[in-house]
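*Asks:* Take a look at the following structure, please.
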């Protein structure tokens, strides 16, 4: 019978996931809590960990290993970013042990990188997920892969020989939310409109400023070319089209002819699959939970328990 | 002593301007009202025109000529768009006379065009301003000019031999407002930060999706490269930089080596001047009130009074 080994926690801005991992690597218990660090006052994340998360999972006596925004100024303690390129071994060496806890509480650092054009980028939590994903298959430990995590702040990561070389964050999800809720293009959720999404993809994939491409959502409606009910999916297509057409060159992967890997919410990944398929690019979709668990488990083995 | 000739009205989404124009072309009286058609229920614009705007300006006995969103579904009557290319003569021939008014009430049509990539675009009100501007100087009636009207929905118009050939609308101003008020990049108005604006211009002018460039406003702050107080001007620079770097090619004017003309709010035009100067492009700034008055006066002479 497997014994509980440690409590793995992915603690982000909007919620947290926690798993009791056994000494055979299997998950013995898991919970989701709606307590993202973005919603909690200072000091509260530590209290919730001790008074709720650990007791609920009967993990009072287990060491804890966490990743995500819990390592930011909003979380328990600010853990300095590690510079990319970085692999799991670098992350494991840089785990931060939080003062005053026994059994130990560790937080994985986020990553910082310099984009090809010199601009900075950062991530917290996705590094563990991305490197965990790479650790799940020996084929991902050699050669070059481009992995995309769609979302509010989508992360594109270039992985070489199992290490994150660099990454770019795109606020496409947040822009979609802003435009759908507050702009002249605001719209209610309606039935899916794949034709409107495809039309948005085409215009979004064109050259030119996004601000100019977005206005076509309005000019198509007032000119009678598109019903108002299609605006939401059209704008979604514009944003995904702009991102998928122009980000590969920005990250320096425009000449890659391999598969692009996608990870995250299946419905969102499906939109990116459609976008890449329209450009003739093959994709594969992967599970994010398995990836972050693999990353936290590897970090526990290499760092926290070492 | 000049006699009043007609009441000229520029009636937009957020407010309206009205001028009594004399038979010598001079302005005899003018008023601004906060009654944009976007704020009024159906039927209300017509009532306000008759019961407030005309009496306040002692214009009960004058014909009226209006341009702007008053000719949209939100206004008094929906006037069909005219297709570009179009000049003042085309607009004058397409003036819509509103039923049931004596003296007459006319509304100028908006313009519709097809962008070089096939997408539609529309304007209502700016056509009168742009063609009025072109009519103010014989030098603008020959050859090619690129005129930019910065704003919530910035209009870029390509003018050839005094006619609007095509135009592109960019929602840069609206995006700035959304990001400043509702996004993870939200920020209060602070002291001007020209260095942050210039840094934003550089990143905004790079290739790549805007959504990815926007995230650098956050990564610069959390990485310690920029104070939080600089975010507002940096984001402003990003948006103006993206627009000014990439819209000329989109409208088919990337090889023009002449002056780019700017018209509108002086503070906003100054930001665009800075952006174009950074790219080595010369600019000239023009007054919008004189332009729309010239346009309405020419339309009255050529159309309403003809």
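Chains as they are written, first to last, in my numbering: chain H, 80 to 385; chain X, 80 to 385. From the three backbone atoms N, C-alpha and C, an ideal C-beta is built for every residue, glycine too.
Looking only at its chain, what residues have a beta carbon closer than 7 Å to the beta carbon of residue 136 of chain X, apart from the 5 residues adjacent to it on each side?
*Replies:* 86, 97, 99, 108 and 110
*Asks:* Count the other CB atoms within 10 Å of the CB of residue 118 of chain H; is the residue buried (16 or more) or exposed (fewer)?
*Replies:* So residue 118 of chain H counts as exposed.
*Asks:* Do residue 374 of chain H and residue 388 of chain H count as a contact pair if the criterion is CB distance below 8 Å?
*Replies:* No answer is possible for residue 388 of chain H: it lies beyond the span of chain H, which begins at 80 and ends at 385.
*Asks:* Among the candidates H:123, H:205, H:130 and H:316, whose CA atom is the shortest distance from the CA of residue 235 of chain H?
*Replies:* H:205
*Asks:* For residue 95 of chain X, list the residues DSSP reports as bridge partners.
*Replies:* X:90 and X:112
*Asks:* Starting from the beta carbon of residue 263 of chain X, find every residue of chain H whose beta carbon is closer than 7 Å, and list them in chain order.
*Replies:* 253
*Asks:* If we count the other Cβ atoms within 10 Å of its Cβ and call it buried at 16 or more, is residue 199 of chain X buried or exposed?
*Replies:* buried
*Asks:* Leaving out five residues before and five after residue 94 of chain H in sequence, what residues of the same chain have Cβ atoms less than 8 Å from its Cβ?
*Replies:* 111, 112, 113, 114 and 115
*Asks:* Tell me whether residue 188 of chain X is buried or exposed, calling it buried when 16 or more other Cβ atoms sit within 10 Å of its Cβ.
*Replies:* Result: buried.
*Asks:* Is residue 321 of chain X close to chain A, meaning its C-beta is less than 8 Å from at least one C-beta of that chain?
*Replies:* You won't find chain A in this structure, because its protein chains are H and X.
*Asks:* Between H:207, H:344, H:320 and H:149, which has its C-alpha nearest residue 238 of chain H's C-alpha?
*Replies:* H:207
*Asks:* Express the C-alpha separation of residue 337 of chain H and residue 361 of chain H in angstroms, rounding to a whole number.
*Replies:* Cα to Cα, residue 361 of chain H sits roughly 7 Å from residue 337 of chain H.
*Asks:* Tell me which same chain residues have a C-beta within less than 7 Å of the C-beta of residue 92 of chain H, skipping the five on either side of it?
*Replies:* 115, 116, 117 and 148
*Asks:* For my contact list, residue 179 of chain X and residue 213 of chain X are in at a C-beta cut-off of 8 Å; report their separation, rounded to the angstrom.
*Replies:* With 8 Å as the limit, residue 179 of chain X and residue 213 of chain X do not qualify as a contact, their Cβ atoms being about 33 Å apart.
*Asks:* Taking three-plus beta-carbon pairs below 8 Å as touching, is the region 218-228 of chain H in contact with the region 309-321 of chain X?
*Replies:* no
*Asks:* Does DSSP put residue 234 of chain X in a helix, a strand or coil?
*Replies:* Three-state result, residue 234 of chain X: strand.
*Asks:* I'd like to know whether the C-beta of residue 175 of chain H is nearer than 8 Å to at least one C-beta of chain X.
*Replies:* no
*Asks:* With a threshold of 8 Å between beta carbons, is residue 374 of chain X in contact with chain H?
*Replies:* no
*Asks:* From residue 313 of chain H to residue 162 of chain X, what does the alpha carbon distance come to, in whole angstroms?
*Replies:* 24 Å
*Asks:* Taking the C-alpha atoms as reference points, what is the distance between residue 227 of chain H and residue 139 of chain H?
*Replies:* About 36 Å.
*Asks:* Give, in chain order, every unbroken run of the alpha helix (DSSP H) that is at least 4 residues long and sits entirely within the region 210-295 of chain X.
*Replies:* 251-261 and 273-283
*Asks:* For the putative contact between residue 142 of chain X and residue 105 of chain X, defined by C-beta atoms under 8 Å, what is the C-beta separation to the nearest angstrom?
*Replies:* About 17 Å separates the Cβ atoms of residue 142 of chain X and residue 105 of chain X, ruling out a contact at the 8 Å cut-off.
*Asks:* Round the Cβ separation of residue 311 of chain H and residue 268 of chain H to the nearest angstrom and send it over; I've been treating them as touching at under 8 Å.
*Replies:* Right, the Cβ-Cβ distance comes to about 7 Å (below 8 Å), so this counts as a contact.
*Asks:* Using a Cβ cut-off of 8 Å, pull out every chain X residue sitting near residue 286 of chain H, in sequence order please.
*Replies:* 325, 328 and 329
*Asks:* Strictly below 8 Å CB to CB, what residues from chain X border residue 403 of chain H?
*Replies:* Residue coverage of chain H in this structure runs from 80 to 385, which leaves residue 403 of chain H outside it and unanswerable.
*Asks:* Of the choices H:308, H:288 and H:259, whose alpha-carbon is the least far from that of residue 251 of chain X?
*Replies:* Distances from the alpha-carbon of residue 251 of chain X to those of H:308, H:288 and H:259 put H:288 closest.
*Asks:* For residue 185 of chain X, which residues does DSSP report across the bridge?
*Replies:* Listed as beta-bridge partners of residue 185 of chain X by DSSP are X:144 and X:176.
*Asks:* The alpha helix (DSSP H) that contains residue 345 of chain X, what's its start and end?
*Replies:* 345-357
*Asks:* Going by DSSP, what residues sit across from residue 161 of chain H in a beta bridge?
*Replies:* Residue pairing by DSSP places residue 161 of chain H opposite H:190 in a beta bridge.
*Asks:* Going by the CB atoms, is the gap between residue 286 of chain X and residue 342 of chain H shorter than 8 Å?
*Replies:* no
*Asks:* Along the alpha helix (DSSP H) that carries residue 124 of chain X, what are the first and last residues, could you check?
*Replies:* 123-127
*Asks:* Taking Cβ-Cβ distances shorter than 7 Å, what residues in chain X pair up with residue 250 of chain H?
*Replies:* 290, 293 and 294
*Asks:* In the region 184-205 of chain H, which residues sit with their C-beta less than 7 Å from some C-beta in chain X, listed in chain order?
*Replies:* 191, 196, 198, 199, 200 and 201
*Asks:* So residue 202 of chain H is in the alpha helix (DSSP H); what residue range does that whole segment cover?
*Replies:* Counting along the chain, residue 202 of chain H falls outside any alpha helix (DSSP H), though it belongs to the beta strand (DSSP E) covering 199-202.
*Asks:* Given a threshold of 16 other Cβ atoms within 10 Å of its Cβ, counted over all protein chains shown, does residue 323 of chain X qualify as buried or as exposed?
*Replies:* Counting C-beta atoms within 10 angstroms of its own C-beta, residue 323 of chain X has 16 or more neighbours from the protein chains shown and is therefore classed as buried.
*Asks:* I want to see whether chain H comes within less than 8 Å of residue 244 of chain X, judged by CB atoms only; does it?
*Replies:* no
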